[in-house]
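*Asks:* Going left to right, the sequence shown walks through residues 140 to 241 as the numbering used here numbers them.
A virtual CB, placed ideally from N, CA and C, is assigned to each residue, including glycine.
Note that the structure is predicted; figures quoted are calculated from it, not measured.
Below: one structure in structure tokens.
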Amino acid sequence: MPPERPVWGEFDWTATTPTDTSIRFTFRSADSEVDLGGATPVSVTVPTATPTVDVGALLAGAGIDPTMQYLRVQATLTGSLDHTSAPVLQEMRLDYTCTTTE
Numbered sequence: 140m141p142p143e144r145p146v147w148g149e150f151d152w153t154a155t156t157p158t159d160t161s162i163r164f165t166f167r168s169a170d171s172e173v174d175l176g177g178a179t180p181v182s183v184t185v186p187t188a189t190p191t192v193d194v195g196a197l198l199a200g201a202g203i204d205p206t207m208q209y210l211r212v213q214a215t216l217t218g219s220l221d222h223t224s225a226p227v228l229q230e231m232r233l234d235y236t237c238t239t240t241e
């Protein structure tokens, strides 16, 4: 185990979500890159979510250790049912700090 581990913090994004469109952010955390695929997913959906999410609190609320070494963020963009509008994700940012494990 490394002497320091991340403490996942605030995740925010800049996006445009026209009516009837959405962006879903899915977070998976694991202690190895290989284990990310099988890790429990935790999701928030835009525009119903606030523009900032505390990823550590989100993971902890789902019973997942918020200090695992790896984090995968997946954005799923869904257009309107009539195919006339689509969301646009301009950027996303994640803050974190490191804490010692000893």
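1) Check the DSSP bridge columns for M231 and list the partner residues they point to.
2) CB-CB under 7 angstroms to T160, same chain, minus the five flanking residues each way: which ones, in chain order?
3) For V185, list the residues DSSP reports as bridge partners.
4) Identify the residues that DSSP records as bridge partners of E143: which are they?
5) Going by C-alpha to C-alpha distance, which of I203, G200, P190, A199 sits closest to L233?
6) Is T179 buried or exposed, if buried means 16 or more other CB atoms sit within 10 Å of its CB?
7) Tell me the DSSP bridge mates of T191?
8) Assuming W147 contacts L198 under a Cβ cut-off of 8 angstroms, what Cβ separation, rounded to an integer in Å, is found between them?
9) What separation, rounded to the nearest whole angstrom, lies between the Cα atoms of T215 and L228?
10) Between the beta-carbon of Y235 and the beta-carbon of P142, is there less than 8 angstroms?
*Replies:* By the coordinates alone:
1) W152
2) T217, G218, S219, S224, A225, P226
3) I162
4) T239
5) P190
6) exposed
7) Its beta-bridge partners are D151.
8) 7 angstroms
9) 10 angstroms
10) Not in contact: Y235 and P142 (Cβ atoms no closer than 8 angstroms).
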